[in-house]
Amino acid sequence: MTPSILHNAIDSRNDAIDSLHNAICSLHNAIDSLHNAIDSLHNAIDSRNDAIDSLHNAIDSLHNAIDGLHNAIDSRNDAVDSRNNAIDSRNNAIVTQ
Numbered sequence: 001m002t003p004s005i006l007h008n009a010i011d012s013r014n015d016a017i018d019s020l021h022n023a024i025c026s027l028h029n030a031i032d033s034l035h036n037a038i039d040s041l042h043n044a045i046d047s048r049n050d051a052i053d054s055l056h057n058a059i060d061s062l063h064n065a066i067d068g069l070h071n072a073i074d075s076r077n078d079a080v081d082s083r084n085n086a087i088d089s090r091n092n093a094i095v096t097q
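Numbering (full-length UniProt numbering), first residue to last: 1 to 97.
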């Protein structure tokens, strides 16, 4: 083999090695991008789960407020019943005199 043919073969081999190295770097970059996409997806899922938890808490608070309203209505109705009983007792006392 003449020196120029040998040099050309070495240059071709070096070019092939450089191409392989570049391909490996591109693969690593693609893997990093995939990892970043997966992390972003996990963050989105966590955010969605947090939003669902917040919604559940808001619904629980609404239920508690409704229960409080029902209790207040029951208390008011009890007070009206007590007042009506007092009026009935007074009226009965007046009638029996």
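Glycine included, every Cβ here is placed at the ideal spot set by N, Cα and C.
If you run the structure through DSSP and keep just helix, strand and coil, what is T2?
As a first step, residue 2 must be located in the sequence shown, where it is residue number 2. Coil.
C-alpha distance - N64 paired with R83, whole-angstrom precision:
For this step, residue 64 is matched to residue 64 along the sequence shown. For this step, residue 83 is matched to residue 83 along the sequence shown. If you take the alpha carbons of N64 and R83, they lie about 28 Å apart.
Have a look at R76 and L69 and give me their C-alpha separation to the nearest angstrom.
Locating residue 76 in the sequence shown gives position 76, where the first residue counts as 1. Locating residue 69 in the sequence shown gives position 69, where the first residue counts as 1. Those two C-alpha atoms are separated by around 10 Å.
T2 versus L20: straight-line alpha-carbon distance, rounded
To locate residue 2, count along the sequence shown from 1; it is residue 2. To locate residue 20, count along the sequence shown from 1; it is residue 20. C-alpha separation (whole angstroms): 27 Å.
Give the straight-line distance between the Cα atoms of L6 and S12, rounded to the nearest whole angstrom.
Translated into the one-based positions of the sequence shown, residue 6 becomes position 6. Translated into the one-based positions of the sequence shown, residue 12 becomes position 12. Approximately 10 Å between the Cα atoms of the pair.
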